[in-house]
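Numbering (this note's numbering), first residue to last: 340 to 401.
Where is the CB? At the ideal position from N, CA and C, for every residue including glycine.
Report on the following structure.
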Amino acid sequence: MKENFASLSVDQLKEKLSDLSRERFNFAFQKATGQLENVARIRMVRREIARVLTFLKQKEKK
340 MKENFASLSV
350 DQLKEKLSDL
360 SRERFNFAFQ
370 KATGQLENVA
380 RIRMVRREIA
390 RVLTFLKQKE
400 KK
């Protein structure tokens, strides 16, 4: 599920970050209520957020 974030603009990265943060919150809520079946997905989303933040910092630095 890795995406190529290097080709995205800063605005697109911020939008992606917002979507992933919302998704992470929803997964955490589902886990707390016992509705989440794939708990490993939380970890994958967290790592994808880190990737987006890394590319965002690199692009803002330029």
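Asked                                                                                                                    : Found
Just how far apart, CA to CA, sit F394 and F368?                                                                         : 27 angstroms
Given this structure, state the Cα-to-Cα distance separating F366 from F344, to the nearest angstrom.                    : 23 angstroms
On the criterion of 16 or more Cβ atoms from any shown chain inside 10 Å, does V349 qualify as buried, or is it exposed? : exposed
Compare the C-alpha of Q351 against each of R361, K401, K400, V391 and name the closest.                                 : V391
Pick helix, strand or coil for N377, following the three-state DSSP scheme.                                              : coil
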